[in-house]
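S.K.: Take a look at this one; I'll ask things after.
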Ligand SMILES: *Cc1c(COP(=O)(O)O)cnc(C)c1O
């Protein structure tokens with residue numbers, strides 16, 4: 001045995017934290033980091049949010065888990081609230097994003113199967129997509145580096161270039177069941193899908209009898225300044241996977257569906273042991289209490305503008321380091337001219353945490369509760385990092 005007792009699958013930063021306070025993470029020896037990584041868009045309300053702490057501690061003393069063999073009132077309540085606030089009629093709770101996607105994929109296939117169209121099981125996805133790390137979701141994501149060495153790729157996923165509508169129309173066959181897309185690609189490098197394209201996808205699905213599946217695991221739950229990112233386009237899906245922000249740090253995911261799309265998911269065809277348990281639901285309901293509060297999302301959108309304008313100014317000042325600023329809401333990307341890993345490390349040197357993404361981008365995903373002052377503090381640190389990189393490059 002060598003090294004750590006933990007699988008070597010993560011290239012971790014040599015950094016660990018002892019506690020968190022809002023947008024701040026604090027090491028054992030008291031060093032404070034501004035957390036604009038947000039646990040990869042998970043800590044939607046920051047660290048130690050009083051409403052989440054209260055909801056979880058109250059539930060901890062009452063009941064943790066009974067399984068889905070019984071009614072779970074907190075689960076029914078969260079499902080009803082999600083249904084009331086979205087396109088959906090039905091919800092299935094999971095513990096992660098990948099499981100929410102698995103549920104969406106299975107639901108789409110069962111929809112056609114139940115209607116006698118057994119040949120329709122293929123799902124079209126887009127280059128640069130990320131849908132999780134299970135066998136089916138790595139096939140959906142289609143990234144070679146995640147598929148390599150794990151045996152035959154799960155059958156039934158066809159990938160087309162991002163934004164290539166001609167290739168997409170050609171990829172639709174009598175075997176196609178659905179189109180799956182992230183309204184804003186996260187891991188792929190904060191690439192927003194234009195509203196026009198989402199509208200076109202909706203039309204294509206309607207014309208061809210396909211289901212439209214949105215993966216809002218990263219861009220959902222207030223991240224873009226709407227409850228869900230697709231709301232900006234006015235287009236609604238038939239199925240949607242969510243996770244990350246809905247649990248605020250507690251593992252929660254869900255698949256949302258119209259009743260028609262969910263029509264094949266009858267008793268016994270799908271299940272989960274942990275999904276939707278009392279602890280998870282207590283936290284999910286508490287997250288919604290805050291995110292759906294009057295004015296919260298408008299404030300996210302306002303703060304996002306402040307942040308994007310500040311980033312644009314830094315980008316203008318250091319064109320040799322930053323190519324462009326992209327993204328929407330508090331899901332912003334710095335497209336780097338130098339290696340994104342270097343930029344991420346320079347930010348960390350300034351005690352600001354960010355997340356590298358594909359396409360040489362560094363992602364900024366601060367808690368939605370970040371204050372104007374914390375945004376200004378973060379911009380100052382980002383500028384300092386850009387300055388140090390630019391000085392290093394010219395020396
Ligand atoms: C993180 C992510 C997933 C996978 O979620 P896990 O909880 O890691 O399984 C799926 N889709 C998108 C868009 C994601 O960002």
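Residue numbers (full-length UniProt numbering): 1 to 395. Backbone N, C-alpha and C fix where the C-beta goes; we use that ideal spot for every residue, glycine too. Computed from a prediction, not measured in an experiment: that's the story for all the values here.
With residue 196 as the anchor, note down where its alpha helix (DSSP H) starts and where it stops.
M.R.: Its alpha helix (DSSP H) spans residues 195-208.
S.K.: Excluding sequence positions up to five away, which residues of its chain have a Cβ less than 7 Å from the Cβ of residue 102?
M.R.: Same-chain partners within the cutoff: 134, 136 and 137.
S.K.: Could you name the residues of the same chain whose beta carbon sits closer than 7 Å to that of residue 17, not counting the 5 residues immediately before and after it, in chain order?
M.R.: Result list for residue 17: 25, 26 and 27, in chain order.
S.K.: What's the C-alpha gap between residue 153 and residue 281?
M.R.: Using only the alpha carbons, I get a separation of about 34 Å.
S.K.: How long is the line joining the alpha carbons of residue 62 and residue 174, rounded to whole angstroms?
M.R.: Rounded to the nearest angstrom, the two C-alpha atoms are 51 Å apart.
S.K.: Mind checking whether residue 274 and residue 43 have CB atoms under 8 Å apart?
M.R.: Cβ distance not < 8 Å, so residue 274 and residue 43 don't count as in contact.
S.K.: Specify the secondary structure class of residue 179 as computed by DSSP and reduced to three states.
M.R.: If DSSP states are grouped into helix, strand and coil, residue 179 belongs with the strands.
S.K.: Within the 8 Å Cβ cut-off, does residue 262 reach chain C?
M.R.: In the structure shown, chain C cannot be found, because there is only a single protein chain.
S.K.: Do you know how far the Cα of residue 76 is from the Cα of residue 68?
M.R.: Roughly 11 Å between the two C-alpha positions.
S.K.: For residue 166, count the other beta carbons within 10 Å of its own beta carbon; 16 or more makes it buried, fewer makes it exposed. Which is it?
M.R.: Residue 166 comes out exposed.
S.K.: Residue range of the beta strand (DSSP E) that residue 20 falls in?
M.R.: Note, residue 20: beta strand (DSSP E), 19-21.
S.K.: In chain order, what residues of the same chain have a beta carbon less than 6 Å from the beta carbon of residue 46, not counting five sequence neighbours either side?
M.R.: For residue 46, where only same-chain residues beyond five positions count, the Cβ hits under 6 Å are 22, 23, 367 and 369.
S.K.: Which residue wins for smallest C-alpha separation from residue 195, given the options 237, 158, 211 and 159?
M.R.: Closest by alpha carbon: 237.
S.K.: Determine the contact status of residue 330 and residue 354, defining contact as a CB-CB distance below 8 Å.
M.R.: Contact: no.
S.K.: With DSSP as the reference, label residue 164 as helix, strand or coil.
M.R.: Residue 164: coil per DSSP, three-state reduction.
S.K.: Check residue 378 in the structure and name its three-state DSSP category.
M.R.: Reduced to three states, the DSSP call for residue 378 is helix.
S.K.: Considering only residues of the same chain and omitting the five flanking positions on each side of residue 112, which have a CB-CB separation below 6 Å?
M.R.: Closer than 6 Å at the Cβ level, and outside the excluded window around residue 112, lie 120 and 177.
S.K.: So, residue 161 versus residue 127, is the Cβ gap smaller than 8 Å?
M.R.: Cβ distance < 8 Å, so residue 161 and residue 127 count as in contact.
S.K.: Any heavy atom of ligand 1 within a distance shorter than 7 Å of the CB on residue 337?
M.R.: Because no heavy atom of ligand 1 lies under 7 Å away, the Cβ of residue 337 does not count as near it: no.
S.K.: I believe residue 243 touches residue 252 by the beta-carbon criterion, under 8 Å. Please report the beta-carbon distance rounded to the nearest angstrom.
M.R.: That belief holds up - the Cβ atoms of residue 243 and residue 252 are roughly 7 Å apart, short of 8 Å.
S.K.: Heavy atom of ligand 1 less than 7 Å from the Cβ of residue 206, yes or no?
M.R.: Every heavy atom of ligand 1 is 7 Å or more from the Cβ of residue 206, so no.
S.K.: For ligand 1, any of its heavy atoms closer than 7 Å to the Cβ of residue 106?
M.R.: Residue 106: no, Cβ never under 7 Å from ligand 1.
S.K.: Taking 8 Å as the cut-off, decide whether the C-beta atoms of residue 335 and residue 359 are in contact.
M.R.: Contact flag set, yes.
S.K.: Provide the residue span of the alpha helix (DSSP H) that contains residue 316, from first to last.
M.R.: Where residue 316 is concerned, the enclosing alpha helix (DSSP H) stretches over 296-317.
S.K.: Comparing C-alpha positions only, which one of 30, 198 and 266 sits nearest to residue 114?
M.R.: Checking every option, the nearest Cα to that of residue 114 belongs to 266.
S.K.: Among the candidates 205, 197, 314 and 293, whose CA atom is the shortest distance from the CA of residue 221?
M.R.: Measuring from the Cα of residue 221, the nearest candidate turns out to be 293.
S.K.: In terms of residue numbering, what span does the alpha helix (DSSP H) encompassing residue 73 cover?
M.R.: Taken as a continuous stretch (DSSP letters only), the alpha helix (DSSP H) holding residue 73 covers 73-85.
S.K.: Count the CB pairs spanning the segment 295-313 and the segment 224-236 that are closer than 8 Å, and state whether there are at least three.
M.R.: Yes, the segment 295-313 is in contact with the segment 224-236.
S.K.: Could you compute how far the alpha carbon of residue 93 sits from the alpha carbon of residue 149?
M.R.: Spanning the two alpha carbons is a distance of roughly 30 Å.
S.K.: Could you work out which residue in 295, 312, 250 and 258 is closest to residue 287 when comparing CA atoms only?
M.R.: Ranking the options by Cα distance to residue 287, first place goes to 250.
S.K.: Please indicate yes or no: does the CB of residue 192 lie closer than 7 Å to some heavy atom of ligand 1?
M.R.: Outside the cutoff, so no.
S.K.: How about residue 425 and residue 189: do their beta carbons lie closer than 8 Å?
M.R.: Given a span of 1 to 395 for the chain in the structure shown, any question on residue 425 remains unanswerable.
S.K.: Report whether the distance from the Cβ of residue 98 to the nearest heavy atom of ligand 1 is below 7 Å.
M.R.: Yes, Cβ of residue 98 sits closer than 7 Å to a heavy atom of ligand 1.
S.K.: Evaluate residue 258 with the Cβ neighbour count: other Cβ atoms within 10 Å of its Cβ, from every protein chain shown; 16 or more gives buried, anything less gives exposed.
M.R.: Looking at its Cβ environment, which holds 16 or more other Cβ atoms inside 10 Å, residue 258 is buried.
S.K.: Identify the residues that DSSP records as bridge partners of residue 24: which are they?
M.R.: Residue 24 is bridged to 21 and 34.
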